[in-house]
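Visitor:
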Amino acid sequence: MSRSGKVTVVGAGFYGSTTALRLAEYDVFETVVLTDIVEGKPEGLALDINQSRSIENFETKVIGATTTADGGGYEKSANSDVVVITAGLPRKPGMSRMDLIGVNAGIVRGVAENIAKHSPNAVIIVVSNPLDEMTALAQIATKFSYNKVMGQAGMLDTARFTNFVAEKCGVAISAVKTLTLGSHGETMVPVPSRCTVNGKPLSEVLSADEIKDLVDRTRNGGAEIVALLKTGSAYYAPSAAAARMAKAVITNSNEVMPVCAWVDGEYGISGVYLGVEAQIGKQGVSKVVESNLTAEELTSLKAAAEAVRTKQADVKNL
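Numbering (the UniProt record's numbering), first residue to last: 1 to 318.
Spelled out as C-alpha coordinates, the structure:
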(Lines of atoms letter the chains of each structure in order from A; the text may use other names.)
(Lines give C-alpha, C1' and ligand atoms only; values in the text may rest on other atoms or scores of the structure.)
Protein backbone atom coordinates (compact mmCIF):
# COMPACT_ATOMS: atom_id res chain seq x y z
CA MET A 1 0.00 0.00 0.00
CA SER A 2 1.21 3.49 -0.84
CA ARG A 3 1.67 5.79 2.15
CA SER A 4 2.46 9.47 2.10
CA GLY A 5 2.53 12.53 4.27
CA LYS A 6 2.19 13.40 7.90
CA VAL A 7 -0.87 14.12 9.99
CA THR A 8 -0.73 15.69 13.44
CA VAL A 9 -3.47 15.26 16.04
CA VAL A 10 -3.32 17.94 18.72
CA GLY A 11 -4.73 16.70 22.00
CA ALA A 12 -4.31 13.15 23.31
CA GLY A 13 -7.56 12.80 25.20
CA PHE A 14 -10.10 10.13 24.25
CA TYR A 15 -11.06 12.05 21.11
CA GLY A 16 -7.51 12.76 19.96
CA SER A 17 -6.03 9.38 20.77
CA THR A 18 -8.91 7.55 19.08
CA THR A 19 -8.50 9.78 16.02
CA ALA A 20 -4.78 9.00 15.92
CA LEU A 21 -5.49 5.27 16.14
CA ARG A 22 -8.02 5.43 13.30
CA LEU A 23 -5.61 7.40 11.12
CA ALA A 24 -2.81 4.94 11.79
CA GLU A 25 -5.00 1.96 10.98
CA TYR A 26 -6.03 3.52 7.66
CA ASP A 27 -2.38 2.92 6.70
CA VAL A 28 -2.37 5.81 4.19
CA PHE A 29 -0.08 8.20 6.09
CA GLU A 30 3.65 7.71 6.60
CA THR A 31 3.45 9.29 10.04
CA VAL A 32 0.85 10.22 12.64
CA VAL A 33 2.03 12.66 15.32
CA LEU A 34 0.03 12.82 18.55
CA THR A 35 0.65 15.79 20.87
CA ASP A 36 -0.50 16.80 24.32
CA ILE A 37 0.54 19.10 27.16
CA VAL A 38 0.48 16.24 29.68
CA GLU A 39 4.09 15.09 29.86
CA GLY A 40 4.62 11.54 28.62
CA LYS A 41 0.97 10.88 27.71
CA PRO A 42 1.31 11.22 23.91
CA GLU A 43 4.55 9.26 23.89
CA GLY A 44 2.97 6.45 25.90
CA LEU A 45 -0.10 6.29 23.67
CA ALA A 46 2.08 6.34 20.54
CA LEU A 47 4.13 3.43 21.84
CA ASP A 48 0.96 1.50 22.63
CA ILE A 49 -0.49 2.09 19.15
CA ASN A 50 2.79 1.16 17.45
CA GLN A 51 2.82 -2.14 19.30
CA SER A 52 -0.53 -2.99 17.70
CA ARG A 53 0.83 -2.67 14.13
CA SER A 54 1.70 -6.32 13.64
CA ILE A 55 -1.71 -7.38 14.94
CA GLU A 56 -3.75 -4.96 12.82
CA ASN A 57 -1.32 -5.12 9.89
CA PHE A 58 -0.47 -1.46 9.28
CA GLU A 59 2.90 0.25 8.83
CA THR A 60 2.08 3.88 9.64
CA LYS A 61 4.36 5.06 12.44
CA VAL A 62 2.91 7.00 15.37
CA ILE A 63 5.08 9.56 17.16
CA GLY A 64 4.17 11.14 20.50
CA ALA A 65 5.21 14.67 21.41
CA THR A 66 4.71 16.52 24.68
CA THR A 67 4.14 20.22 23.99
CA THR A 68 4.45 23.28 26.20
CA ALA A 69 2.62 26.58 26.49
CA ASP A 70 5.52 28.41 24.84
CA GLY A 71 5.43 26.15 21.76
CA GLY A 72 7.98 23.54 22.74
CA GLY A 73 7.55 20.10 21.21
CA TYR A 74 5.78 21.25 18.06
CA GLU A 75 8.92 20.68 16.03
CA LYS A 76 7.97 16.99 15.81
CA SER A 77 4.83 18.03 13.94
CA ALA A 78 6.77 20.13 11.44
CA ASN A 79 5.67 20.01 7.80
CA SER A 80 2.43 18.18 8.53
CA ASP A 81 0.07 17.86 5.59
CA VAL A 82 -2.99 17.73 7.84
CA VAL A 83 -3.52 18.88 11.43
CA VAL A 84 -6.55 17.84 13.49
CA ILE A 85 -7.16 20.13 16.47
CA THR A 86 -8.97 18.33 19.28
CA ALA A 87 -7.42 20.38 22.10
CA GLY A 88 -9.76 21.99 24.59
CA LEU A 89 -12.07 21.14 27.46
CA PRO A 90 -15.01 18.76 26.84
CA ARG A 91 -18.55 19.52 27.94
CA LYS A 92 -20.00 18.46 31.25
CA PRO A 93 -23.66 17.60 31.85
CA GLY A 94 -25.82 20.72 31.57
CA MET A 95 -23.24 22.67 29.58
CA SER A 96 -23.79 23.95 26.07
CA ARG A 97 -20.97 24.06 23.53
CA MET A 98 -20.95 27.87 23.86
CA ASP A 99 -20.13 27.56 27.57
CA LEU A 100 -16.64 26.45 26.48
CA ILE A 101 -15.86 29.42 24.26
CA GLY A 102 -13.74 31.47 26.68
CA VAL A 103 -11.29 28.82 27.83
CA ASN A 104 -11.13 26.91 24.54
CA ALA A 105 -10.51 30.06 22.51
CA GLY A 106 -7.20 30.61 24.29
CA ILE A 107 -6.19 27.00 23.78
CA VAL A 108 -7.12 26.89 20.09
CA ARG A 109 -5.46 30.23 19.32
CA GLY A 110 -2.17 29.04 20.82
CA VAL A 111 -2.32 25.73 18.97
CA ALA A 112 -3.19 27.41 15.68
CA GLU A 113 -0.29 29.84 15.94
CA ASN A 114 2.15 26.98 16.53
CA ILE A 115 0.71 25.05 13.59
CA ALA A 116 1.20 28.06 11.33
CA LYS A 117 4.80 28.34 12.49
CA HIS A 118 5.76 24.70 11.97
CA SER A 119 3.37 23.51 9.23
CA PRO A 120 2.56 26.52 7.04
CA ASN A 121 1.14 24.39 4.23
CA ALA A 122 -1.14 22.20 6.33
CA VAL A 123 -4.86 21.69 5.98
CA ILE A 124 -6.48 22.18 9.38
CA ILE A 125 -9.49 20.25 10.67
CA VAL A 126 -10.96 21.76 13.83
CA VAL A 127 -13.05 19.70 16.22
CA SER A 128 -12.79 21.78 19.41
CA ASN A 129 -16.05 23.28 20.72
CA PRO A 130 -17.85 25.54 20.12
CA LEU A 131 -17.02 24.19 16.65
CA ASP A 132 -18.12 26.95 14.30
CA GLU A 133 -16.47 29.67 16.37
CA MET A 134 -13.24 27.72 16.93
CA THR A 135 -12.96 27.03 13.20
CA ALA A 136 -13.20 30.75 12.49
CA LEU A 137 -10.65 31.47 15.23
CA ALA A 138 -8.18 28.92 13.83
CA GLN A 139 -8.32 30.63 10.43
CA ILE A 140 -7.79 34.05 12.01
CA ALA A 141 -4.87 32.83 14.14
CA THR A 142 -3.09 30.97 11.32
CA LYS A 143 -3.93 33.49 8.59
CA PHE A 144 -4.30 30.49 6.28
CA SER A 145 -6.56 30.76 3.25
CA TYR A 146 -10.17 29.91 4.07
CA ASN A 147 -10.13 26.69 2.06
CA LYS A 148 -7.26 25.32 4.19
CA VAL A 149 -9.25 25.54 7.46
CA MET A 150 -12.45 23.59 8.06
CA GLY A 151 -14.40 22.15 10.95
CA GLN A 152 -15.76 18.69 11.65
CA ALA A 153 -19.45 18.87 12.44
CA GLY A 154 -21.71 17.90 9.57
CA MET A 155 -20.06 14.50 9.20
CA LEU A 156 -20.81 13.71 12.83
CA ASP A 157 -24.29 15.22 12.94
CA THR A 158 -25.26 13.44 9.72
CA ALA A 159 -23.97 10.14 11.13
CA ARG A 160 -26.10 10.64 14.23
CA PHE A 161 -29.18 11.43 12.14
CA THR A 162 -28.54 8.34 10.01
CA ASN A 163 -28.25 6.12 13.07
CA PHE A 164 -31.46 7.44 14.62
CA VAL A 165 -33.41 6.97 11.38
CA ALA A 166 -32.08 3.43 10.90
CA GLU A 167 -33.01 2.46 14.46
CA LYS A 168 -36.47 4.01 14.16
CA CYS A 169 -37.18 2.25 10.85
CA GLY A 170 -35.55 -1.05 11.81
CA VAL A 171 -33.34 -1.10 8.71
CA ALA A 172 -29.64 -1.45 8.01
CA ILE A 173 -27.47 1.64 8.33
CA SER A 174 -26.54 1.23 4.66
CA ALA A 175 -30.21 1.65 3.69
CA VAL A 176 -30.36 5.17 5.10
CA LYS A 177 -29.08 8.45 3.62
CA THR A 178 -29.36 11.68 5.61
CA LEU A 179 -27.87 15.16 5.67
CA THR A 180 -27.39 17.91 8.25
CA LEU A 181 -26.22 21.46 7.56
CA GLY A 182 -26.05 24.71 9.55
CA SER A 183 -24.26 25.09 12.85
CA HIS A 184 -22.96 22.45 15.25
CA GLY A 185 -25.44 23.44 17.91
CA GLU A 186 -28.90 24.90 18.40
CA THR A 187 -29.16 26.15 14.81
CA MET A 188 -28.22 22.81 13.28
CA VAL A 189 -30.28 22.16 10.15
CA PRO A 190 -31.09 18.50 9.50
CA VAL A 191 -32.39 18.25 5.91
CA PRO A 192 -35.26 15.74 5.74
CA SER A 193 -35.88 16.50 2.05
CA ARG A 194 -32.50 14.93 1.26
CA CYS A 195 -33.08 11.87 3.44
CA THR A 196 -34.09 8.46 2.16
CA VAL A 197 -34.72 4.95 3.47
CA ASN A 198 -34.12 2.22 0.91
CA GLY A 199 -34.38 4.93 -1.73
CA LYS A 200 -37.76 6.20 -0.54
CA PRO A 201 -38.15 9.76 0.75
CA LEU A 202 -38.11 9.89 4.53
CA SER A 203 -41.53 11.60 4.47
CA GLU A 204 -43.00 8.44 2.93
CA VAL A 205 -41.57 6.23 5.65
CA LEU A 206 -42.12 8.28 8.81
CA SER A 207 -44.74 10.79 9.91
CA ALA A 208 -43.96 14.49 10.25
CA ASP A 209 -44.00 14.17 14.05
CA GLU A 210 -41.63 11.19 13.97
CA ILE A 211 -39.22 13.08 11.71
CA LYS A 212 -39.36 16.10 14.00
CA ASP A 213 -38.50 13.93 17.01
CA LEU A 214 -35.47 12.49 15.19
CA VAL A 215 -34.38 15.95 14.07
CA ASP A 216 -34.55 17.21 17.66
CA ARG A 217 -32.63 14.19 18.93
CA THR A 218 -29.96 14.77 16.30
CA ARG A 219 -29.66 18.42 17.26
CA ASN A 220 -29.16 17.38 20.89
CA GLY A 221 -27.12 14.27 20.09
CA GLY A 222 -23.95 15.40 21.82
CA ALA A 223 -25.75 16.55 24.97
CA GLU A 224 -27.52 13.19 25.22
CA ILE A 225 -24.20 11.37 25.31
CA VAL A 226 -22.65 13.87 27.75
CA ALA A 227 -25.59 13.37 30.12
CA LEU A 228 -25.20 9.59 29.99
CA LEU A 229 -21.42 9.58 30.42
CA LYS A 230 -21.52 12.24 33.17
CA THR A 231 -17.78 12.80 32.70
CA GLY A 232 -16.46 13.60 29.24
CA SER A 233 -18.16 13.65 25.89
CA ALA A 234 -18.49 11.57 22.71
CA TYR A 235 -15.37 10.45 20.87
CA TYR A 236 -15.96 7.26 18.86
CA ALA A 237 -18.25 8.79 16.22
CA PRO A 238 -16.53 12.21 16.28
CA SER A 239 -13.10 10.65 15.77
CA ALA A 240 -14.41 8.57 12.88
CA ALA A 241 -15.69 11.73 11.22
CA ALA A 242 -12.46 13.69 11.69
CA ALA A 243 -10.32 10.79 10.50
CA ARG A 244 -12.38 10.38 7.33
CA MET A 245 -11.92 14.06 6.55
CA ALA A 246 -8.15 13.79 7.03
CA LYS A 247 -8.07 10.73 4.81
CA ALA A 248 -9.95 12.61 2.08
CA VAL A 249 -7.28 15.32 2.19
CA ILE A 250 -4.21 13.09 2.02
CA THR A 251 -5.66 10.83 -0.68
CA ASN A 252 -7.01 13.83 -2.61
CA SER A 253 -10.29 11.94 -2.94
CA ASN A 254 -12.44 15.00 -3.76
CA GLU A 255 -15.26 13.39 -1.80
CA VAL A 256 -18.27 15.56 -1.03
CA MET A 257 -18.80 15.71 2.73
CA PRO A 258 -20.86 17.84 5.10
CA VAL A 259 -18.30 19.99 6.95
CA CYS A 260 -17.94 23.44 8.47
CA ALA A 261 -16.54 25.46 5.57
CA TRP A 262 -16.20 29.10 4.54
CA VAL A 263 -19.29 30.14 2.60
CA ASP A 264 -18.92 33.01 0.14
CA GLY A 265 -22.02 33.41 -1.98
CA GLU A 266 -23.45 29.90 -1.89
CA TYR A 267 -27.13 29.74 -0.86
CA GLY A 268 -27.09 33.55 -0.90
CA ILE A 269 -24.87 33.51 2.20
CA SER A 270 -21.44 35.15 2.41
CA GLY A 271 -18.60 35.68 4.85
CA VAL A 272 -19.17 32.98 7.45
CA TYR A 273 -18.03 29.48 8.44
CA LEU A 274 -21.10 27.24 8.22
CA GLY A 275 -22.07 23.60 7.93
CA VAL A 276 -22.44 22.83 4.21
CA GLU A 277 -21.52 20.09 1.78
CA ALA A 278 -18.03 20.57 0.35
CA GLN A 279 -15.60 18.77 -1.93
CA ILE A 280 -12.50 17.78 0.05
CA GLY A 281 -9.02 17.16 -1.36
CA LYS A 282 -5.35 17.97 -0.89
CA GLN A 283 -6.01 21.72 -0.73
CA GLY A 284 -8.78 21.32 1.82
CA VAL A 285 -12.12 22.59 0.55
CA SER A 286 -12.00 22.84 -3.25
CA LYS A 287 -15.59 24.02 -3.50
CA VAL A 288 -18.83 24.28 -1.58
CA VAL A 289 -21.54 22.12 -3.13
CA GLU A 290 -25.04 23.61 -3.04
CA SER A 291 -27.95 21.25 -2.43
CA ASN A 292 -31.56 21.57 -3.51
CA LEU A 293 -33.29 22.64 -0.31
CA THR A 294 -36.92 23.32 0.44
CA ALA A 295 -37.85 26.94 1.15
CA GLU A 296 -38.14 26.11 4.86
CA GLU A 297 -34.73 24.42 4.96
CA LEU A 298 -33.09 27.32 3.14
CA THR A 299 -34.65 29.80 5.55
CA SER A 300 -33.30 27.74 8.47
CA LEU A 301 -29.83 27.62 6.91
CA LYS A 302 -29.77 31.40 6.45
CA ALA A 303 -30.93 31.84 10.05
CA ALA A 304 -28.12 29.55 11.21
CA ALA A 305 -25.62 31.63 9.24
CA GLU A 306 -26.74 34.84 10.90
CA ALA A 307 -26.73 33.22 14.35
CA VAL A 308 -23.10 32.10 14.05
CA ARG A 309 -21.88 35.19 12.17
CA THR A 310 -21.97 37.46 15.22
CA LYS A 311 -20.33 34.86 17.45
CA GLN A 312 -17.58 34.25 14.90
CA ALA A 313 -16.91 37.97 14.69
CA ASP A 314 -16.54 38.09 18.47
CA VAL A 315 -13.78 35.45 18.56
CA LYS A 316 -11.30 37.94 17.10
CA ASN A 317 -11.12 39.49 20.54
CA LEU A 318 -10.74 36.25 22.49
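For every residue, glycine included, the Cβ atom is placed at its ideal position computed from N, Cα and C.
(1) Can you round the beta-carbon distance between Met-188 and Arg-244 to whole angstroms, since I take them to be within the 8 Å contact cut?
(2) Should Leu-131 be labelled buried (16 or more other beta-carbon atoms within 10 Å of its own) or exposed?
(3) How many angstroms separate the CA atom of Glu-297 from the CA atom of Arg-3?
(4) Please return the same chain residues whose Cβ sits closer than 6 Å to the Cβ of Ala-12, not counting the five positions on each side in sequence.
(5) For the putative contact between Glu-25 and Glu-56, defined by C-beta atoms under 8 Å, what is the C-beta separation to the nearest angstrom?
(6) With distances taken Cα to Cα, identify the nearest neighbour of Ala-261 among Ala-87, Lys-212, Ala-295 and Leu-181.
(7) Determine, using beta carbons only, whether Ala-241 and Gln-152 come nearer to each other than 7 Å.
(8) With respect to the beta strand (DSSP E) encompassing Ser-270, which residues constitute its N-terminal and C-terminal limits?
(9) Between Val-256 and the rest of its own chain, which residues show a CB-CB distance below 8 Å, the 5 nearest in sequence each way excluded?
(10) Rounded C-beta distance between Gly-5 and Phe-29? I'm assuming under 8 Å.
(11) Would you report the Cα separation of Lys-212 and Glu-224, rounded to the nearest angstrom?
(12) Mind checking which residues open and close the beta strand (DSSP E) that includes Gly-284?
(13) Report yes if the C-beta distance between Ala-87 and Ile-107 is below 7 Å; otherwise report no.
Guide: Short version:
(1) That pair is no contact at about 19 Å.
(2) buried
(3) 41 Å
(4) Leu-34, Asp-36, Lys-41, Pro-42 and Leu-45
(5) 6 Å
(6) Leu-181
(7) yes
(8) 270 to 281
(9) Glu-277, Ala-278, Gln-279, Ile-280 and Val-289
(10) 6 Å
(11) 17 Å
(12) 284 to 289
(13) yes
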